[in-house]
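Residue numbering for the sequence shown follows this note's numbering, beginning at 4 and increasing consecutively.
Ideal Cβ positions, reconstructed from N, Cα and C, are used throughout, including at glycine.
Just so you know, these numbers come straight off a predicted model, no measurement behind them.
Input: a single structure, listed below in structure tokens.
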Amino acid sequence: MVLVAVLWAICFPFIVVGLPDAPPLLFAALRALLAGLCLVLVAFFKGGWPTYSFRRFLMLAVIGFSYTGMGLGGMFLGAGKLGPGLATVLANAQPLFAAVLSFFIIREVVTGRLFAGLLIGFVGVVVLATPEMEFGNARFAGVVYVLGGAIGTAIGNVLLKYQAGSDDIYWSMGIQLVIGSVFLGIASVSLGEGIEIDWTWSFTTAIFVLAIPATALMVVLWYALLASAPLNSLNSFTFLTPVFGLVIGILLFDEIFSPLEIIGIGITIVGLVIVVKAPRKAEFGPAAGTEAQVTGRPN
């Protein structure tokens, strides 16, 4: 999960690097398509073609629309309109959305301690981003985009948890990424973005990093973890993403920690520790199919 958080943390810098050379939704669609095709090729050479029922394929389509389409679309559209701190705060509302959805959809128990840890972690992210919180009319669209992306990611995560462990990781994640890229491509055309891409070295590097390690590798790790641990426990680790983002900023962009940022990091870690030490109880109703009770700790 720490590796997953690191891979998420490198996304925003590379999105910012690539945005000057491509329209945001087309950029997002290309990222999802390349990552999806990579996983599909791996799956094909591992064991041929899959057999999916209409219901399972429909589930993957919904995941592709929510997790990839809404999630990446909101991220890329919001990246050009908000500061990194504020965008991180809004994106990290996702675990709270997922906690509520997981209770109603997959009947995953959200204990008071678990919710408190999630809430404290989110407060830490808010503190980290306080210097960026200067709302204005020009930023309203960015807020809507990023929040919409966070909601889409939360929906997708709950649906992924619903079927985690019941099918091939590479086929499932590859197919939903390709489907998500189609939704993003349709949205790009609908908004009249155009298809002009300036294939500079910086853009080529950005799209490669975003598609392969930051998407293909990340989603495979994430899906595998969902099969072995509760969603809300895993989601708590996403609060490490802005912390790693600050470290990346220091190493690559010569950023300096302010006292407020140090406080925010401390609060985030406290929230994470509370969640990690919370009792591991996750109950699933009949709708969860083969899943029973998950008591393992996240790896």
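Could you give the residue range of the alpha helix (DSSP H) that holds residue i?
i	result
F178	Per the sequence shown, the amino acid found at residue 178 is Ile instead of Phe. Run containing I178: I172 to S193, per the alpha helix (DSSP H) assignment.
T218	No alpha helix (DSSP H) holds T218; DSSP gives it neither H nor E.
W11	V5 to A12
I66	F57 to I66
Comparing alpha-carbon positions, which option in the options lies nearest residue i?
i	options	result
D170	T114, L63, V149 and G183	L63
V7	G155, G267, G115 and F247	F247
L80	L150, S105 and W52	L150
Y173	F47, F242 and A119	F47
L163	L224, L10, T114 and V192	L224
Y165	G274, D24, S231 and G51	S231
G197	V5, F17, D24 and P16	D24
L37	P98, I178, I189 and L254	I178
G267	A219, T207, A153 and V130	V130
F206	G145, P26, R116 and V9	P26
I66	S175, L234 and T54	S175
G120	V147, S239 and Y148	S239
F17	G115, W204 and V276	W204
A217	G159, T244 and S191	T244
Where does residue i sit, in a helix, a strand or coil, going by DSSP?
i	result
A230	coil
T71	helix
D24	helix
W204	helix
I198	coil
K49	helix
T314	The first residue shown for the chain is 4 and the last is 302, placing residue 314 beyond what the model contains.
R300	Bear in mind that a pLDDT of 35 at R300, under 50, signals an unreliable position, so the model cannot answer this.
T114	coil
G83	coil
T54	coil
S236	helix
S261	coil
A290	Low confidence applies here, because A290 scores a pLDDT of 37, under 50, leaving its location unreliable; read the following figure in that light. Note: A290 maps to helix in three-state DSSP.
Count the other CB atoms within 10 Å of the CB of residue i; is the residue buried (16 or more) or exposed (fewer)?
i	result
F100	buried
L194	exposed
C14	buried
G21	buried
S56	exposed
F125	buried
V103	exposed
S261	exposed
E264	buried
W11	buried
V19	exposed
I210	buried
A144	exposed
L228	buried
L61	exposed
G269	exposed
G51	exposed
V5	exposed
May I ask whether a heavy atom of the ligand FMN can be found less than 7 Å away from the beta carbon of residue i?
i	result
S56	The model on display carries no ligand, and the ligand FMN is accordingly not part of it.
Using a Cβ-Cβ distance under 8 Å, would residue i count as near chain C?
i	result
A38	In summary, chain C is missing from the structure at hand, where a single protein chain is found.
Does the region 181-199 touch the region 27-37, meaning 3 or more C-beta pairs lie closer than 8 Å? yes
contact_flag[the region 213-227, the region 38-52] where n(CB pairs < 8 Å) is 3 or more: yes
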